Amino acid sequence: KQEVTQIPAALSVPEGENLVLNCSFTDSAIYNLQWFRQDPGKGLTSLLLIQSSQREQTSGRLNASLDKSSGRSTLYIAASQPGDSATYLCAGFGNKLVFGAGTILRVKS
Amino acid sequence: NAGVMQNPRHLVRRRGQEARLRCSPMKGHSHVYWYRQLPEEGLKFMVYLQKENIIDESGMPKERFSAEFPKEGPSILRIQQVVRGDSAAYFCASSPRDPLNSGANVLTFGAGSRLTVL
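As given, the protein sequences belong to chains A and B, one line each in that order.
The first sequence begins at 248 in my numbering and counts up one residue at a time.
The second sequence begins at 293 in my numbering and counts up one residue at a time.
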């Protein structure tokens, strides 16, 4: 049974800081790993998708990596901004998408 | 392309009533997933459907919950005799193809339906 764990559960940083969110999964038989953003009371926005054959993906200030052998993924956010404040969810896709509980990020101006 | 459309966005029911949540997938998508997000918790998988077929319902409670995705029309998640513990946000996602037989599969999520049971 796939389980996805995210650390830290919450993070508060000053504006401009670089930060890393961590995600670990128990079953290495995942096809893809996807990072999402969720704003309070809103739906999910897909940020990055890493296919199982890939090691990382980049989009703007975001970089996500995937290490299947260790069962870990990280989301790196460069030069954080207050608008980045949200809950960040990682999800591993085996036969279905399994979500972590999320990291609540607050970027202080 | 309107994306994944869910309605109603907000639904209030009294205990014992029925709740019906609808999801229209993105155009061209034939695979639908339902997830539930309880307050302060992550998203939990409920059911995966293709047109007229339930592929995986391992996350669905055995009683009171059912889902369908008919040949025509939206997918429906139905909760009978709702209880307060059913209060949650219910998210639908769709994809264009079978994730097990494709190299990459990006799920597109709807904005969710928030059910409140009084």
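Glycine included, every Cβ here is placed at the ideal spot set by N, Cα and C.
Given the structure is predicted, the values throughout are model-derived calculations rather than measurements.
Chain B contact for residue i (CB, 8 Å cutoff)
i: A/Ser259; result: no
i: A/Ala256; result: no
i: A/Val345; result: yes
i: A/Ala348; result: yes
i: A/Lys289; result: yes
i: A/Ser196; result: What the structure shows of chain A is the stretch from 248 to 356, and residue 196 of chain A is not part of that stretch, so it cannot be assessed.
i: A/Leu352; result: no
i: A/Ser306; result: no
i: A/Leu336; result: yes
i: A/Ser312; result: no
Beta-carbon gap between residue i and residue j smaller than 8 Å
i: A/Thr350; j: A/Leu268; result: yes
i: B/Gly402; j: B/Val304; result: no
i: B/Tyr411; j: B/Gly351; result: It is not possible to answer for residue 411 of chain B, since the shown part of chain B is limited to 293 through 410.
i: A/Gly347; j: A/Gln249; result: no
Min CB distance residue i to chain A below 8 Å
i: B/Ala403; result: yes
i: B/Glu333; result: yes
i: B/Tyr382; result: no
i: B/Leu399; result: yes
Simplified DSSP assignment, three categories, for residue i
i: B/Asp348; result: strand
i: B/Arg376; result: helix
i: A/Asp331; result: helix
i: B/Met297; result: strand
With three or more C-beta pairs closer than 8 Å as the rule, is the stretch 308-323 of chain B touching the stretch 296-312 of chain A? no
Output, in sequence order along the chain, the residues in the stretch 306-335 of chain B whose CB is closer than 8 Å to any CB in chain A. Tyr325, Tyr327, Glu333, Gly334, Leu335
Hey, is the stretch 320-328 of chain B in contact with the stretch 380-390 of chain B, meaning 3+ C-beta pairs nearer than 8 Å? yes
Along the stretch 345-360 of chain B, where does the CB come closer than 7 Å to a CB of chain A? Name the residues. Asp348
Is the stretch 252-264 of chain A close to the stretch 278-294 of chain A, with three or more CB pairs under 8 Å? no
If contact is defined by three or more beta carbon pairs under 8 Å, each pair taking one atom from either stretch, is the stretch 318-338 of chain A in contact with the stretch 368-381 of chain B? no
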